[in-house]
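Written below as structure tokens is the structure these notes are about.
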Amino acid sequence: MATSGFAMENIVSEHGEKAPNVVYKGKLENQRRIAVKRFNRSAWPDARQFLEEAKAVGQLRNHRLANLLGCCCEGDERLLVAEFMLNETLAKHLFHWEAQPMKWVMRLRVALHLAEALEYCTSKGRALYHDLNAYRIVFDDEGNPRLSCFGLMKNSRDGKSYSTNLAFTPPEYLRTGRLTPESVMYSFGTLLLDLLSGKHIPPSHALDLIRDRNIQMLTDSCLEGQFSNDDGTELVRLASRCLHYEPRERPNPKSLVTALIPLQRDTEVPSHELMGILHGTDAVPLSPLGEACLRMDLTAIHDVLEKLGYKDDEGAATELSFQMWTNQMQETLTSKKKGDVAFRHKDFRAALECYTQLLNSCPSSLMLEPGFPQRFMLGVVCLTS
Numbered sequence: 001m002a003t004s005g006f007a008m009e010n011i012v013s014e015h016g017e018k019a020p021n022v023v024y025k026g027k028l029e030n031q032r033r034i035a036v037k038r039f040n041r042s043a044w045p046d047a048r049q050f051l052e053e054a055k056a057v058g059q060l061r062n063h064r065l066a067n068l069l070g071c072c073c074e075g076d077e078r079l080l081v082a083e084f085m086l087n088e089t090l091a092k093h094l095f096h097w098e099a100q101p102m103k104w105v106m107r108l109r110v111a112l113h114l115a116e117a118l119e120y121c122t123s124k125g126r127a128l129y130h131d132l133n134a135y136r137i138v139f140d141d142e143g144n145p146r147l148s149c150f151g152l153m154k155n156s157r158d159g160k161s162y163s164t165n166l167a168f169t170p171p172e173y174l175r176t177g178r179l180t181p182e183s184v185m186y187s188f189g190t191l192l193l194d195l196l197s198g199k200h201i202p203p204s205h206a207l208d209l210i211r212d213r214n215i216q217m218l219t220d221s222c223l224e225g226q227f228s229n230d231d232g233t234e235l236v237r238l239a240s241r242c243l244h245y246e247p248r249e250r251p252n253p254k255s256l257v258t259a260l261i262p263l264q265r266d267t268e269v270p271s272h273e274l275m276g277i278l279h280g281t282d283a284v285p286l287s288p289l290g291e292a293c294l295r296m297d298l299t300a301i302h303d304v305l306e307k308l309g310y311k312d313d314e315g316a317a318t319e320l321s322f323q324m325w326t327n328q329m330q331e332t333l334t335s336k337k338k339g340d341v342a343f344r345h346k347d348f349r350a351a352l353e354c355y356t357q358l359l360n361s362c363p364s365s366l367m368l369e370p371g372f373p374q375r376f377m378l379g380v381v382c383l384t385s
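Heads up: the sequence shown at position 233 corresponds to 233 in the UniProt record's numbering, and the numbers run straight through without jumps.
In structure tokens form, the structure reads like this:
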């Protein structure tokens, strides 16, 4: 089972096992990492309706989304399977950061990527996103933010579109209980406040600060000196538009993208650098021996081992216990000596033959002896790899 039988240690959703629908991390047989959303058993009683919704979401494919890979609908089980993003959520990096707070340029990049994700979904006829919040933004291997596809489906057929505190819910949703594209824009505004303040501030409180021109109280103190007054003012203005009480006065995703592009800075710097995330290509530099092994350069391997003191292994045979002196052991040590001589003379074909014979005949107990030549073993590994 990809999630180890829905084990508790694989839960990655915000409220853990107490959430009505739980998200697990998992791994397929091909080692691909996945995120699995397991719905409450009563959430989607009509299997056909669930499959239709999942199929529609699965047709979306974009680099700004954590895309849906598949679904499961057997018996009472309702599962969505999506790409797993290794580098946590926006909530983690904004509200619970450990090494460093998120930089201003990265926060603006998050806003733009999110707007682009919503613009793409809207262009494909999926303008509604349920319960948009900082936990729905996840970071991929490159450190780039993506919008989780899970929010493109409701938590249940007849369920609410918002599970967060009512203070963050669009006012028209409180009146009608209906989610509209304009409601999604309101939620985008709350995310802009999150990015600006580094805290989850209720929109009503933030708007009071904005009206009183007390923007400094709204801004994350960790961002001091990282942005101009003009850029800060523009982001506040954009958030205010998204949070407008009248839905028709709010911007659409396309206009958000247009407004956010001019605010981008340091676009040539990769996201993983801005985030301080170890990148997959940031490998530890190889040692000279490692470089030689990577190239399968036997001459270079020989030279490195000689410099490391390959000759230190001479005489190690005399330290072996008396009980190990048998005819087989004598043959084993003879193979080793012949291999050593061939290796020193760079006759690698002969060395390989001797070392292979040695490995095939050498008792495992001998390899565990403290006196067994370690550099010889290293040479065998290098040559036979």
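We treat Cβ as the ideally placed atom computed from N, Cα and C, and that holds for glycine.
What you are looking at is a predicted structure, and each value in this text was computed from that prediction instead of being measured.
Residue i vs residue j beta-carbon contact at 8 Å
i: Leu90; j: Pro145; result: yes
i: Ala115; j: Val269; result: no
i: Val110; j: Val81; result: no
i: Phe39; j: Arg78; result: yes
i: Met153; j: Pro251; result: no
i: Gln100; j: Gly276; result: yes
i: Trp104; j: Leu218; result: no
i: Arg64; j: Leu147; result: yes
i: Arg136; j: Gly151; result: yes
i: Leu243; j: Met106; result: no
i: Tyr120; j: Asn62; result: yes
i: Phe348; j: Leu298; result: yes
i: His272; j: Glu142; result: yes
i: Cys149; j: Ala66; result: yes
i: Leu108; j: Gln264; result: yes
i: Ile210; j: Ser187; result: no
i: Leu128; j: Leu179; result: yes
Residue i - partner residues in DSSP beta bridges
i: Ala35; result: Lys25, Ala82
i: Val138; result: Thr89, Arg146
i: Glu77; result: Glu74
i: Ala66; result: Ser148
i: Ile11; result: Tyr24
Whole-number beta carbon distance between residue j and residue i, since they are thought to touch under 8 Å
i: Ala167; j: Ser123; result: Contact doesn't hold; Cβ gap of about 31 Å is too wide.
i: Asn214; j: Asn21; result: Wrong, their Cβ atoms sit about 39 Å apart, outside the cutoff.
i: Pro247; j: Leu118; result: Not a contact, Cβ separation roughly 15 Å.
i: Ala43; j: Arg157; result: 7 Å
i: Cys71; j: Ala56; result: Wrong, their Cβ atoms sit about 11 Å apart, outside the cutoff.
i: His302; j: Lys346; result: 6 Å
Extent of the continuous alpha helix (DSSP H) to which residue i belongs
i: Gln49; result: 47-58
i: Ser183; result: 181-197
i: Ala122; result: The sequence as given places Thr at residue 122; Ala does not occur at that position. From DSSP, the alpha helix (DSSP H) with Thr122 extends over 104-123.
i: Gln100; result: Segment: none, Gln100 is in no alpha helix (DSSP H) and carries neither H nor E.
i: Ser156; result: Per DSSP, Ser156 belongs to no alpha helix (DSSP H) and is neither H nor E.
i: Ser255; result: 253-260
i: His272; result: 271-275
i: Tyr173; result: 171-176
i: Asn229; result: 229-242
i: Arg211; result: 203-211
i: Leu218; result: 215-218
Residue i CB to nearest heavy atom of the ligand HEM below 7 Å
i: Arg32; result: Inclusion of the ligand HEM in the displayed structure is not the case, the ligand content being empty and no account of it being possible.
*Check whether the region 80-90 touches the region 220-229, counting contact only when three or more Cβ pairs, one atom from each stretch, lie closer than 8 Å.*
no
_I want to know whether the region 93-107 touches the region 193-212 - three or more CB-CB distances under 8 Å._
yes
_With a threshold of 8 Å, are at least 3 pairs of Cβ atoms found where one atom belongs to the region 1-9 and the other to the region 48-64?_
no
*Okay, do the region 235-247 and the region 184-193 touch, 3+ Cβ pairs below 8 Å being the bar?*
yes
*asked:* For the structure I just gave you, are there three or more beta carbon pairs, one from the region 124-135 and one from the region 259-273, closer than 8 Å?
replied: no
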